[in-house]
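Undergrad: Take a look at the following structure, please.
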Amino acid sequence: MTHANYDLIIHNGTAVTVNEHFDIIEQALIGVQKGVIATVATRQAGTALPDAATVIDAGGGFIMPGLVNTHTHLPMTLFRGLADDLPLDVWLNEHIFPVESQFITAENVMWGTQLACLEMLLSGTTTCCGGYFHEDSVAAAVAQAGLRGVLAQGVIDFPAPGVPDPALNVTHAGTYVDQWLGREVTITPAVFCHSPYTCSSDTLKAAKAAARERDVLFQIHVAETEAERNASLQEHGVTPVKYLDDLGILDEHTLVVHAVWTDTEDIDIMRSRRVTISHNAESNMKLAAGIAPVPDFIAAGITVGLGTDGCASNNDLDLFSEMDSVAKIHKAVTRDPTTLDAARVLKMATRDGARAIGLGDMTGSLERGKQADLIVVDAASPHLVPLYAPHSHIVYAMRGADVNTVVVGGKILVKDRQPVTLDQERIIGRVAEIAGQIMKGRPK
């Protein structure tokens, strides 16, 4: 081990690297220089720690990559629990869209996003991907919190918060991307079309062209419900996936979200176009949308990451909970306990998630040269004793509340379970005030 000067050292823990070989290193030492992982090694007994400006003692816990949430709508923390136990079309058209039109302002978006960042950091998520309206406020809040984000301006063919004229929706998205490209090292702008049924073919093609022109990720909800699939077959004569492919939307820079109602032809199309998929099991279950054929996606060689979706349809942003649900629900569906084993699901929440959103070379594993996006998780709680297999523990036993320390780009954002960059009391208080306004003024 080179005794270099480090900006940060994390030691006295078991490193679950999620590298190509899924190496697990006991008595690990992680050295960070200029925000980048410089060494991942075993500390030999009796050797002195290298010099470092900051040292974190993992206390015998796990040191692992920060989790990657490949799909969420951050400001929708404001609607957590607002309209539960409803079908998707009723939930969306009769509750969410009306409340958004009335209460989604740039300021409220900022507070909702700060709450989302607080929740994600405290539960071990270091990178998020998603889209919404007033995305400039979203990006500013995520940058301030210090998370890494692939953040997209939402495009929809209705008057939307911040874009009252639908004719300007793609122009607005392009302007947002232009303003954020290269502005913050942790923020990658993107374009998000809501869905094939809320965006016309012209809008879809124009939005994809804007994304291609700027070489950014294009995100879209696809085949989330059986009703959506049936409507597409009736209107266009093809499935939602085939419809998008016929329009030239699908390629390696397209993130397909949900993909629940897809068949073998759809899967072959997505494989051949090299799209990536965000799987949102808990949201899909809660809205009774169904269960995506994830084992078939993976067997086809499609990169699949995990997402929580927004807090209005999950209702939390805890990816530890999501991993547990994903591993179990697919076992139940296939009646095969080996389906989506723990190591595979952990990879989906880290390494593959980063690949799915275009950041695979930057984050998602503990390897030299990658950004120091990592978490330290306590392993001494009763529900985590005894320990036999770290990856199994992480997926089936750990909780977001077990996260002790969070580092993004070498910067400590959570220390001893306390946020460093965010004022928790102020954020919770302000969101409570906004929720009170929503309760008094929302449509009945």
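Just so you know, we're using the numbering used here here: the sequence shown kicks off at 74 and counts up by one. Just so you know, even glycine gets a beta-carbon here, dropped at the ideal spot from N, CA and C.
For residue 181, list the residues DSSP reports as bridge partners.
TA: One-based indexing of the sequence shown puts residue 181 at position 108. In the DSSP output, where bridge partners are listed per residue, residue 181 has none listed.
Undergrad: Can you tell me which of the three DSSP states residue 89 falls into?
TA: Against the sequence shown, residue 89 aligns to sequence position 16. In this structure, residue 89 counts as strand in the three-state DSSP scheme.
Undergrad: State whether the segment 157-176 contacts the segment 338-356, with contact taken as three or more CB pairs (one from each stretch) at a distance under 8 Å.
TA: no
Undergrad: Over the uninterrupted beta strand (DSSP E) stretch that includes residue 148, give me the two end residues.
TA: Position 75 of the sequence shown, counted from the start, is the residue given in the question as residue 148. Here residue 148 belongs to no beta strand (DSSP E), and DSSP marks it neither H nor E.
Undergrad: Going by DSSP, what residue range makes up the beta strand (DSSP E) through residue 351?
TA: Taking the first residue of the sequence shown as 1, we reach residue 351 at position 278. 349-352 is the extent of the beta strand (DSSP E) around residue 351.
Undergrad: Kindly provide the ranges of any alpha helix (DSSP H) runs that are 4 or more residues long and lie completely inside the segment 187-235, ordered along the chain.
TA: 208-218
Undergrad: Count the other CB atoms, across all protein chains shown, that sit within 10 Å of the CB of residue 75; report buried if there are 16 or more and exposed otherwise.
TA: Working through the sequence shown from its first residue, we reach residue 75 at position 2. No answer about residue 75 holds up, because its pLDDT of 47 lies below 50 and its placement is not dependable.
Undergrad: Please tell me whether residue 440 and residue 223 are closer than 8 Å, where the distance is taken between their beta carbons.
TA: Position 367 of the sequence shown, counted from the first residue, corresponds to residue 440. Position 150 of the sequence shown, counted from the first residue, corresponds to residue 223. If you check the CB distance, residue 440 and residue 223 do not come in under 8 Å.
Undergrad: Mind the definition here: the segment 290-301 touches the segment 312-326 only if three or more C-beta pairs lie below 8 Å; say whether that holds.
TA: yes
Undergrad: Can you tell me the Cα-Cα spacing of residue 511 and residue 169, whole angstroms?
TA: If you number the sequence shown from 1, residue 511 lands on position 438. If you number the sequence shown from 1, residue 169 lands on position 96. Here the alpha carbons of residue 169 and residue 511 stand approximately 11 Å from one another.
Undergrad: Rounded to a whole number of angstroms, what is the C-alpha to C-alpha distance between residue 174 and residue 234?
TA: As a position in the sequence shown, residue 174 is number 101, starting the count at 1. As a position in the sequence shown, residue 234 is number 161, starting the count at 1. Whole-angstrom Cα-Cα distance: 6 Å.
Undergrad: Kindly list the residues whose CB is nearer than 6 Å to the CB of residue 183, restricted to its own chain and excluding five residues on each side of it in sequence; keep chain order.
TA: Within the sequence shown, residue 183 is the residue found at index 110, counting from 1. Cβ within range, chain order: 210 and 214.
Undergrad: Take residue 416 and list the residues in its own chain whose beta-carbon comes closer than 7 Å to its own, dropping the five residues that flank it on each side.
TA: Counting from one through the sequence shown, the residue named residue 416 turns up at place 343. 95 and 464.
Undergrad: Between 392, 458 and 291, which has its C-alpha nearest residue 246's C-alpha?
TA: Looking up residue 246 in the sequence shown gives position 173. With distances taken between Cα atoms, residue 246 lies closest to 291.
Undergrad: Relative to the C-alpha of residue 144, which residue among 128, 390 and 207 is closest?
TA: Reading the sequence shown from its first residue, position 71 is the one you call residue 144. The shortest C-alpha separation from residue 144 is found at 390.
Undergrad: For residue 457 versus residue 470, is the C-beta distance shorter than 8 Å?
TA: The residue you call residue 457 lines up with position 384 of the sequence shown. The residue you call residue 470 lines up with position 397 of the sequence shown. Cβ distance < 8 Å, so residue 457 and residue 470 count as in contact.
Undergrad: Do residue 136 and residue 111 have their C-beta atoms within less than 8 Å of each other?
TA: If you number the sequence shown from 1, residue 136 lands on position 63. If you number the sequence shown from 1, residue 111 lands on position 38. No.
Undergrad: Taking the continuous beta strand (DSSP E) assigned at residue 138, which residues delimit it?
TA: Along the sequence shown, read from residue 1 onward, the residue named residue 138 stands at position 65. 135-138 is the extent of the beta strand (DSSP E) around residue 138.
Undergrad: Measuring straight from C-alpha to C-alpha, what distance separates residue 227 and residue 206?
TA: For the purposes of this step, residue 227 is taken as residue 154 along the sequence shown, with counting starting at 1. For the purposes of this step, residue 206 is taken as residue 133 along the sequence shown, with counting starting at 1. Each residue's Cα considered, the two are about 5 Å apart.
Undergrad: Taking 7 Å as the cut-off, does the CB of residue 140 come closer than this to any heavy atom belonging to the ligand ATP?
TA: As presented, the structure is devoid of all ligands, the ligand ATP included, so that no description of it is given.
Undergrad: Would DSSP call residue 506 helix, strand or coil?
TA: For this step, residue 506 is matched to residue 433 along the sequence shown. Here residue 506 sits in helix by DSSP.
Undergrad: Quick check: the Cα distance between residue 397 and residue 419, rounded to an integer number of angstroms?
TA: As a first step, residue 397 must be located in the sequence shown, where it is residue number 324. As a first step, residue 419 must be located in the sequence shown, where it is residue number 346. A straight-line Cα-Cα distance of about 10 Å links residue 397 and residue 419.
Undergrad: Within its chain, find whatever has a CB closer than 6 Å to the CB of residue 134; leave out the 5 residues flanking it on each side and keep chain order.
TA: The count along the sequence shown starts at 1 and reaches residue 134 at position 61. Within the same chain, residue 134 has close Cβ partners 86, 449, 450, 451 and 452.
Undergrad: Judging by CA-CA distance, which residue of 325, 257, 106 and 229 is the nearest neighbour of residue 285?
TA: Counting from 1 along the sequence shown, the entry for residue 285 is found at position 212. Among 325, 257, 106 and 229, the Cα nearest to that of residue 285 belongs to 325.
Undergrad: Report the rounded CA-to-CA distance for residue 27 versus residue 307, giving the unit in angstroms.
TA: Outside the displayed span of the chain (74 to 517) sits residue 27, for which this structure offers no information.
Undergrad: Quick one: Cα of residue 40 to Cα of residue 509, how far?
TA: Shown here, the chain extends from 74 to 517; a query on residue 40 therefore has no answer.
Undergrad: Determine the extent of the beta strand (DSSP E) in which residue 486 is found, giving its start and end residues.
TA: On the sequence shown, residue 486 is found 413 positions in, with the first residue counted as 1. Start and end: 484-488.
Undergrad: DSSP has residue 81 in a bridge; who is on the other side?
TA: Sequence index remark: in the sequence shown, residue 81 carries index 8 (1-based). For residue 81, which the question treats as bridged, DSSP gives the partners 105 and 127.
Undergrad: How big is the Cα-Cα spacing for residue 435 and residue 409?
TA: Here residue 435 refers to the residue found at position 362 when the sequence shown is read from its first residue. Here residue 409 refers to the residue found at position 336 when the sequence shown is read from its first residue. About 34 Å.
Undergrad: First and last residue of the beta strand (DSSP E) that includes residue 478?
TA: Here residue 478 refers to the residue found at position 405 of the sequence shown. Element bounds for residue 478: 476-481.
Undergrad: For residue 276, name the three-state secondary structure that DSSP assigns.
TA: Numbered from its first residue, the sequence shown carries residue 276 at position 203. When DSSP states are grouped into helix, strand and coil, residue 276 belongs to the helix group.
Undergrad: For a test of the three-state rule: what should DSSP assign to residue 430, helix, strand or coil?
TA: In the sequence shown, the residue the question calls residue 430 occupies position 357. Three-state result, residue 430: coil.
Undergrad: Taking residue 154 as the reference, give the member of 339, 345, 218 and 359 with the closest Cα.
TA: Numbered from its first residue, the sequence shown carries residue 154 at position 81. When only C-alpha atoms are compared, the closest one is 359.
Undergrad: Please classify residue 362 as buried or exposed, where buried requires at least 16 neighbouring CB atoms within 10 angstroms.
TA: Taking the sequence shown and counting its residues from 1, one reaches residue 362 at position 289. With 16 or more Cβ atoms within 10 Å of its Cβ, residue 362 is classed as buried.
Undergrad: Start and end of the beta strand (DSSP E) containing residue 95?
TA: The residue you call residue 95 lines up with position 22 of the sequence shown. From DSSP, residue 95 is part of no beta strand (DSSP E); its letter is neither H nor E.
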